[in-house]
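Heads up: the structure comes next, in structure tokens.
Residue numbers (this note's numbering): 443 to 503.
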């Protein structure tokens with residue numbers, strides 16, 4: 443449950459609870475982005491991209 447859902451369900455929620463949920467949402471999003479970046483980094487490039495990278499002198503794969 444994110445902060446917006448919590449406020450919709452509990453309109454008189456404590457401010458500290460809403461702040462906690464908002465920080466938790468931000469941290470979850472940062473972790474999700476980090477995992478996505480790691481997955482993209484580990485995904486092998488197509489053969490033609492590797493060839494183009496080698497021709498251009500890129501380090502990469």
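Ideal placement from N, C-alpha and C gives every residue a C-beta, glycine not left out.
Quantities reported herein were computed from a predicted structural model and do not represent experimental measurements.
Best match in the options for proximity to residue i [C-alpha to C-alpha]
i           : options               : result
residue 466 : 476, 493, 489 and 445 : 445
residue 468 : 455, 499, 443 and 495 : 443
Whole-angstrom C-beta distance between residue j and residue i, which should lie under 8 Å
i           : j           : result
residue 449 : residue 461 : Incorrect: roughly 12 Å between the Cβ atoms, too far for contact.
Please specify which runs of the beta strand (DSSP E), each continuous and at least 3 residues long, are wholly inside the region 452-496, giving them in chain order. none
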